[in-house]
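A.B. asks: Residue numbers (the working numbering): 96 to 331.
We put the beta carbon where it would ideally sit given N, CA and C, even for glycine.
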Amino acid sequence: QQRDKDYGVLMKNMEELERKVSSVRKGGGTQNNKKLADQMTRIGKEFEGIRAVDFFSSKAGENLKKNIKELESGLKGISGAGAKEQKITLAQKRAEEYQNMTWVTRKRPFVDRMASAWLIKKFIDKKAVFNFMNERDMENLAEGTVAFDVRGGEFTHFGDMCTFETLVKSFGIKDKAVKKIAEIIHELDVKDEKFKADEARGIEGLLSGIRKTAKSDAEALEKGMEVFDMLYASKT
Numbered sequence: 096q097q098r099d100k101d102y103g104v105l106m107k108n109m110e111e112l113e114r115k116v117s118s119v120r121k122g123g124g125t126q127n128n129k130k131l132a133d134q135m136t137r138i139g140k141e142f143e144g145i146r147a148v149d150f151f152s153s154k155a156g157e158n159l160k161k162n163i164k165e166l167e168s169g170l171k172g173i174s175g176a177g178a179k180e181q182k183i184t185l186a187q188k189r190a191e192e193y194q195n196m197t198w199v200t201r202k203r204p205f206v207d208r209m210a211s212a213w214l215i216k217k218f219i220d221k222k223a224v225f226n227f228m229n230e231r232d233m234e235n236l237a238e239g240t241v242a243f244d245v246r247g248g249e250f251t252h253f254g255d256m257c258t259f260e261t262l263v264k265s266f267g268i269k270d271k272a273v274k275k276i277a278e279i280i281h282e283l284d285v286k287d288e289k290f291k292a293d294e295a296r297g298i299e300g301l302l303s304g305i306r307k308t309a310k311s312d313a314e315a316l317e318k319g320m321e322v323f324d325m326l327y328a329s330k331t
């Protein structure tokens with residue numbers, strides 16, 4: 096049991112690092128790769144330390160070992176040209192050109208995708224329909240379909256911005272409450288300590304609970320959007 100607790104703590108650190116690596120893979124170019132590699136090395140050493148006293152080779156340890164290998168592979172994949180900072184300018188968009196669209200994103204929505212879907216529905220496309228796909232299936236999307244928060248998507252991480260921030264800037268949304276929410280999403284998704292968002296951990300806890308209890312991706316997204324409705328109301 097103690098080993099499972101130790102592995103659980105390490106898994107939380109892993110999930111945070113996974114989000115940072117995912118941000119770089121989706122286009123966020125400001126994460127320090129050496130810093131990420133150092134964090135990976137530290138996690139690996141901590142894992143080996145716990146495993147040395149895990150005499151019964153617990154299932155939690157085996158699962159974590161697999162996750163560590165996958166993350167190490169992901170880190171190697173961003174060490175080259177894909178991790179360079181973007182030099183292109185973010186194009187300005189008009190909401191009128193994005194009406195009645197199907198907006199697709201990755202399965203198992205969480206912070207950035209939930210918040211982005213809320214923003215899309217409230218400020219960009221009030222009749223938006225949301226769908227979920229594997230990233231590998233998004234290369235040839237049907238007309239009237241927009242990909243967001245995925246690698247190569249029309250709206251995703253850009254520079255040091257998460258997808259929510261990219262949408263805000265692309266569509267020129269000036270709402271002050273949205274700006275405050277953007278800082279919370281950035282803090283939770285990018286984790287570069289750019290903003291001090293006191294509510295961030297509480298919001299993350301709520302969204303984690305939704306993700307664990309929702310029976311489908313659609314239900315998780317809908318409930319997550321309700322959280323942002325309430326958060327927005329509290330800021331206005």
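Look up Met136 in the DSSP assignment and say whether it is helix, strand or coil.
C.D. replies: First, the residue type needs correcting, since residue 136 is Thr and not Met in the sequence shown. Correct three-state label for Thr136: helix.
A.B. asks: Using DSSP bridges, identify the partner residues of Trp198.
C.D. replies: Phe225, Val241
A.B. asks: Is the beta carbon of Phe243 less than 7 Å from the beta carbon of Phe253?
C.D. replies: no
A.B. asks: Going by DSSP, which residues form a beta bridge with Phe250?
C.D. replies: Phe243
A.B. asks: Cβ atoms of Asp220 and Thr258: under 7 Å apart, would you say?
C.D. replies: no
A.B. asks: What does the alpha-carbon distance come out to for the pair Glu192 and Glu314?
C.D. replies: 27 Å
A.B. asks: Hey, how far is the Cα of Glu111 from the Cα of Asp284?
C.D. replies: 9 Å
A.B. asks: Taking the beta carbon of Ala212 as the centre, do at least 16 other beta carbons fall within 10 Å, making it buried, or is it exposed?
C.D. replies: Looking at its Cβ environment, which holds 16 or more other Cβ atoms inside 10 Å, Ala212 is buried.
A.B. asks: Note down the Cα distance separating Lys318 from Met325, rounded to an integer number of angstroms.
C.D. replies: 11 Å
A.B. asks: Roughly how many angstroms separate the alpha carbons of Asn229 and Arg201, rounded to a whole number?
C.D. replies: 6 Å
A.B. asks: Assuming Glu299 and Phe290 make a contact with CB atoms under 8 Å, what is their CB distance in whole Å?
C.D. replies: So it is not a contact: roughly 14 Å between Cβ atoms.
A.B. asks: Tell me where the alpha helix (DSSP H) around Asp232 begins and ends.
C.D. replies: Asp232 -> no alpha helix (DSSP H), and no H or E assigned at all.
A.B. asks: What does DSSP give as the partner residues of Met109 in its beta bridges?
C.D. replies: None; Met109 has no bridge partner.
A.B. asks: Within 10 Å of its beta-carbon, does Ala186 have 16 or more other beta-carbons around it, so buried, or fewer, so exposed?
C.D. replies: exposed
A.B. asks: Taking only the alpha-carbon atoms, compute the straight-line gap between Gly267 and Ala223 and give it to the nearest angstrom.
C.D. replies: Straight across, the Cα-Cα distance linking Gly267 with Ala223 is about 19 Å.
A.B. asks: Rounding to the nearest angstrom, what Cα-Cα distance links Ser168 and Ser117 in this structure?
C.D. replies: Here the alpha carbons of Ser117 and Ser168 stand approximately 12 Å from one another.
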